[in-house]
Amino acid sequence: MTEGLTAWITLIFLATCWVYWREARFQEERSTTASAAQTAAIQSAYIAIGGTVASFVYRLCFILFGIPYVMEHGRAADTSQLSLAIVFAISISGGLLLIERATRGISLHAVDRKLKLNNTSLSLFAVDTAKVLLVAAAFGLPLVAGWIWLMETGNEHWWVGAWILWFVILTIRMLAKPQIETLLFSTTSDLPEGALRSRLESLLKRSGIDAASLRVTQASKRTRRVNASVTGLGAHRRIFLHDTLLEQLSADEVEAVVAHEVGHARYKHLGKAWGGLGLLGLAGAYAIAQVIGRAQLEPAEAVGVLLAAYPSILLSVRPLFVRISRRFEFQADGFAAMQCGPGAVQDALGKIFAANHGVWDHHWAYSAVFDGHPSGRERILRLQQTHS
Ligand SMILES: [Zn+2]
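When the letters of the sequence shown are read in order and numbered with my numbering, they come out as residues 111 to 498.
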């Protein structure tokens with residue numbers, strides 16, 4: 111099984127590097143005026159290749175050497191499967207998270223700092239990294255322990271229980287995301303009293319969204335980037351506006367941004383993503399159980415291999431999610447245009463792209479694999495076509 115798995119992971123790795131490399135070349139070819147945005151996009155693509163190489167080498171070392179070594183010594187010392195699985199979860203997933211954070215840190219230093227967008231100090235970055243690791247451990251370790259327990263029962267349908275446990279933890283995580291965000295990563299406040307707040311509250315009210323779900327985050331403590339997002343499910347849903355967005359956009363543009371986020375809520379995009387993920391997870395659990403059964407892996411070994419292969423599994427299904435996400439973005443833009451007019455949405459997009467030094471176009475392969483949002487050009491074009 112190791113040969114097949116190694117070949118598949120290598121193939122996904124090479125394809126990922128090719129996509130990033132094509133994106134870098136695409137921006138280089140267009141960078142006749144050497145805009146800061148294109149330079150940043152080129153650097154980001156090369157940094158991403160570095161992160162991809164580090165993650166690939168780390169995971170391959172575990173599959174070829176780390177997992178067989180730990181399993182062999184575990185057998186000799188009669189270590190429980192649970193202890194071995196915890197060792198794999200901490201070393202493989204913890205290590206991969208650290209590689210991801212290191213890549214992010216390099217990107218903040220090399221790209222965002224030059225664009226004067228980074229406000230995250232090194233100490234704040236280190237504290238955030240520790241928090242990210244703690245949150246991952248709080249959700250991940252009980253999941254791994256549950257999987258081992260289910261596999262050790264010897265029941266051939268263990269994978270159904272494994273899927274249910276994963277889905278329950280995913281649901282808790284999605285429900286708690288706004289609270290985790292507020293509690294650990296940024297302080298939030300109400301929108302200041304005034305004309306803008308009344309306008310936004312009326313928008314929320316006529317769209318059937320609770321006005322209290324709108325929060326302003328003190329994002330400027332970490333970044334000058336302008337952004338807004340909607341997270342959580344049902345009554346736990348929150349719309350977050352970066353404080354930088356309120357500083358830099360006009361009232362009409364802020365209303366268009368909030369209307370876009372409300373559009374996501376109205377069309378139940380997060381709920382649909384949750385359901386879709388659940389179904390895909392069920393199919394994945396069945397397929398993984400077949401592979402584990404055929405290769406006759408011990409429970410801890412199966413968990414180790416799964417954790418090492420996980421980023422490749424995620425990358426293989428990513429184009430599907432990106433495709434759906436892009437459709438959701440167009441729908442949310444359409445909703446915002448209906449509420450505030452296409453002009454306000456276009457102006458807001460223009461200001462956000464300018465403030466974040468975003469590029470308006472990407473290579474098609476990069477868009478298909480990594481860009482959950484359509485490019486700025488596609489979004490403006492769609493607004494012009496459907497609302498002219
Ligand atoms: Zn959106």
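The beta carbon of each residue, even a glycine, is placed where N, CA and C say it ideally should be.
Open item on the list: Under 8 Å, with one C-beta from each stretch per pair, do the segment 285 to 293 and the segment 261 to 274 reach the 3-pair mark?
Closed with: no
- [ ] Determine, using beta-carbon pairs with one atom in the segment 333 to 341 and one in the segment 460 to 475, whether at least three such pairs fall under 8 Å.
- [x] yes
Task: Cβ-Cβ separation, VAL432 to ALA383 (assumed contact under 8 Å), whole Å - done: That pair is no contact at about 12 Å.
Task: First through last residue of the beta strand (DSSP E) which encompasses VAL340 - done: 338 to 341
Task: Reduced DSSP secondary structure (H/G/I, E/B, other) of ALA281 - done: It is worth fixing the name first, because residue 281 is Thr in this sequence and not Ala. Residue state, collapsed to three classes: helix.
TODO: Pull every residue with its beta-carbon under 6 Å away from any heavy atom of ligand 1, and keep them in chain order.
DONE: HIS370, HIS374, GLU439, ALA442
- [ ] Whole angstroms is fine: what's the gap from TRP473's alpha carbon to ALA186's?
- [x] Looking at the sequence itself, residue 473 is His, so the reference to Trp does not match. Spanning the two alpha carbons is a distance of roughly 52 Å.
Open item on the list: Can you tell me whether SER525 is buried or exposed? The criterion is at least 16 other CB atoms within 10 Å of its CB, across all chains shown.
Closed with: Lying before the first or after the last residue shown, residue 525 is absent from the chain, which here runs from 111 to 498.
- [ ] Take PHE249 and list the residues in its own chain whose beta-carbon comes closer than 7 Å to its own, dropping the five residues that flank it on each side.
- [x] ILE279, ARG283
Open item on the list: My output table needs one value for HIS472: the three-state DSSP class, helix, strand or coil.
Closed with: coil
Open item on the list: Please return the same chain residues whose Cβ sits closer than 6 Å to the Cβ of ARG332, not counting the five positions on each side in sequence.
Closed with: ASN229, THR230
Open item on the list: For a test of the three-state rule: what should DSSP assign to THR126, helix, strand or coil?
Closed with: helix
Open item on the list: Quick check: GLY176 and SER201, are their CB atoms within less than 9 Å of each other?
Closed with: yes
Task: Exposure label - ARG316; buried when at least 16 CB within 10 Å - done: exposed
Task: Given 8 Å, three or more beta-carbon pairs between the segment 412 to 427 and the segment 316 to 328 - done: no
- [ ] Compare the C-alpha of LYS378 against each of ALA405, ILE122, PHE445 and name the closest.
- [x] PHE445
Open item on the list: Which same chain residues end up closer than 7 Å to LEU392 when comparing Cβ atoms and leaving out the 5 residues on each side of it in sequence?
Closed with: TRP273
TODO: Take the Cβ of THR112 as the centre, count every other Cβ of all protein chains shown within 10 Å, and call the residue buried at 16 or more, exposed below.
DONE: exposed
- [ ] Following the continuous beta strand (DSSP E) through HIS352, name the residue where it begins and the one where it ends.
- [x] 348 to 352
- [ ] Quick one: measure Cβ to Cβ for SER422 and TRP118, integer angstroms, because I've assumed they're closer than 8 Å.
- [x] 7 Å
Task: Exposed unless 16 or more other CB atoms sit within 10 angstroms - verdict on GLY114 - done: exposed
Task: Cβ neighbour criterion (16 or more within 10 Å) applied to TRP128 - done: exposed
Task: the segment 362 to 378 touching the segment 210 to 225, judged by at least three CB pairs closer than 8 Å - done: no
- [ ] Please determine, among VAL163, GLY403, LEU170, VAL455, the residue with the shortest C-alpha to C-alpha distance to ALA418.
- [x] LEU170
Open item on the list: Quick check on the burial criterion: 16 or more other C-beta atoms within 10 angstroms. Buried or exposed for GLN494?
Closed with: exposed
Task: Option nearest GLN191 by Cα separation, candidates ARG492, LEU390, GLU262 - done: GLU262
Open item on the list: For the structure I just gave you, are there three or more beta carbon pairs, one from the segment 357 to 366 and one from the segment 299 to 311, closer than 8 Å?
Closed with: yes
Task: Whole-angstrom distance between ARG428 and LEU390, CA atom to CA atom - done: 12 Å
Open item on the list: Does GLY264 pass the burial test, meaning 16 or more other C-beta atoms within 10 Å, or should it be called exposed?
Closed with: exposed
- [ ] Indicate whether ASP471 and GLY482 have their beta-carbon atoms separated by less than 9 Å.
- [x] no
TODO: Take the Cβ of SER165 as the centre, count every other Cβ of all protein chains shown within 10 Å, and call the residue buried at 16 or more, exposed below.
DONE: buried
- [ ] From the DSSP output, in three-state form, read off LEU170 for me.
- [x] helix
Task: Helix, strand or coil at LEU73 [DSSP, three-state] - done: Nothing in the structure corresponds to residue 73, since the chain is present only between 111 and 498.
Open item on the list: By the DSSP assignment, the beta strand (DSSP E) with THR327 in it spans what residues?
Closed with: 324 to 327
Task: Opening and closing residue of the alpha helix (DSSP H) in which HIS374 lies - done: 361 to 376
TODO: Keeping to the same chain, check which residues put their C-beta closer than 7 Å to that of TYR168; ignore five residues upstream and five downstream.
DONE: GLY205, LEU206, ILE209
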